[in-house]
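Chains F and X supply the protein sequences, listed in that same order.
Count along the first sequence starting at 1, add 1332, and that's the number in the numbering used here.
Count along the second sequence starting at 1, add 3, and that's the number in the numbering used here.
For every residue, glycine included, the Cβ atom is placed at its ideal position computed from N, Cα and C.
As the structure is a prediction and not an experimental result, all values here were calculated from the model.
What follows is a set of notes on a single structure, which appears directly below.
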Amino acid sequence: MHDSDGAHSDEALMARVARGDEPAYRLLVRRHLPAMLGLARRILGNAADAEDVAQEAMLRVWTHAPRWQPLAAFRTWLTRVVVNLCLDRKRRAAWVNLDAAGELVDPAPSAGEAAERDERERLLSAAIAELPARQRTAVVLTYSEGMSNAQVAEILETTVSAVETLLIRGKQNLRARLGSVIDKDE
Amino acid sequence: MTDDRLDKLLRKTLQRQEPASADVDRVLKRLAGPLPRQTFALWRLPNVLLDWQFAPAWPRVAALACCAALGFFIGLAGVDRQLSGPNYVAGGGGLGTIVFEPDPLTGGRP
């Protein structure tokens, strides 16, 4: 995998970025932008906000590179930046005046994609979008990114037991919202 | 609904889908402009001088040259001497006034 092969590993590229090497930065961005954009979109449920977050995260890679310490894998650090930016955005969005907020945006990526989905999955997506931000982040990182509880804890800067609690509460909330709809199909 | 069933449904619903390349290109276009200034940590500056790599690195050479020049001028003027005071150059007479003193007045003469 490209992450581990010597001169072009993420860490080696980051060391070059720290010295102001712009081509190395562009390479890192091309490598990680699609995944980070997808992650932001799944957490925020909004394509426009996700693009803003992905752009901000990638700019932070450039500006923070001289101070970056390879204490964790680059990917983990970048994921943490994206998650924190998403949570910040969600926190700020909670205080937006509803009159000034304009029309509500459909959390589904697009109408075409939503139409293709199974009805149950569509309802589950909507229920996930309504979860509290940290619960949703834990659910997305676990089920979409396939991360372990320890990895999620590292990204959310919390303990493994706190992540377990977030997941349990998240699933309880999902069951409470979807129970009557989904249990009919069982 | 059982836990396994919900887990399976969550995995299926949230399965990783890469965003469309048009979306990625749009963000890449936004990042194509001039990049902002990088932030440096002051505590890492000494590492620039202590890093023993014999590869050409002009910032390092420039930093070393500055340190050498600074040391030279401090050596000439002395840290305890006023640069603009009357004692800057004894008598103000140029090189002729620099006298080698073979037997400085230390107080004790034989």
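Going by DSSP in three states, residue i sits in which element: helix, strand or coil?
i         : result
F:Gln1467 : helix
F:Glu1489 : coil
F:Phe1406 : helix
X:Phe41   : First, the amino acid is wrong: residue 41 of chain X is Gln here, not Phe. X:Gln41: coil per DSSP, three-state reduction.
F:Gly1478 : coil
F:Gly1370 : helix
I believe residue i touches residue j by the beta-carbon criterion, under 8 Å. Please report the beta-carbon distance rounded to the nearest angstrom.
i         : j         : result
F:Leu1510 : F:Leu1455 : 6 Å
F:Leu1488 : F:Ala1461 : The Cβ separation is near 19 Å, so there is no contact.
F:Ala1361 : X:Leu34   : Position check: residue 1361 of chain F holds Val in this sequence, whereas Ala was assumed. Rounded, the Cβ-Cβ distance is 6 Å, consistent with contact.
F:Leu1345 : F:Leu1359 : 6 Å
F:Gln1387 : X:Val27   : Incorrect: roughly 11 Å between the Cβ atoms, too far for contact.
I need the boundaries of the alpha helix (DSSP H) containing residue i, first residue and last residue.
i         : result
F:Trp1396 : Looking at the sequence provided, one finds His at residue 1396 of chain F rather than Trp. Looking at the DSSP string, the run of the alpha helix (DSSP H) that includes F:His1396 is 1379–1396.
F:Asp1353 : Careful: F:Asp1353 lies outside any alpha helix (DSSP H) and carries neither H nor E.
X:Arg3    : The first residue shown for chain X is 4 and the last is 113, placing residue 3 of chain X beyond what the model contains.
F:Glu1451 : 1451–1461
X:Ala25   : 24–33
X:Leu17   : Taken as a continuous stretch (DSSP letters only), X:Leu17 belongs to no alpha helix (DSSP H), as it is neither H nor E.
Distance cutoff 9 Å, beta carbons only. Does residue i sit that close to anything in chain X?
i         : result
F:Gly1352 : yes
F:Ala1347 : no
F:Ala1379 : yes
F:Leu1456 : yes
F:Lys1503 : yes
F:Glu1496 : no
F:Val1523 : With chain F covering 1333 to 1518 only, the question about residue 1523 of chain F has no answer from this structure.
F:Glu1518 : Its pLDDT being 45, under 50, F:Glu1518 is placed unreliably by the model, and nothing is read from it.
Could one say the Cβ of residue i lies closer than 9 Å to chain F's Cβ atoms, at least one of them?
i       : result
X:Val27 : yes
X:Leu67 : no
X:Val64 : no
X:Asp6  : yes
Task: Selection of the stretch 1384–1407 of chain F by Cβ proximity to chain X, strictly under 7 Å - done: Ala1386, Gln1387, Met1390, Leu1391, Trp1394, Thr1395, His1396, Ala1397, Pro1398, Arg1399
- [ ] Report the residues of the stretch 1472–1493 of chain F with a CB closer than 9 Å to any CB of chain X, ordered along the chain.
- [x] Val1472, Thr1474, Tyr1475, Ser1476, Glu1477, Gly1478
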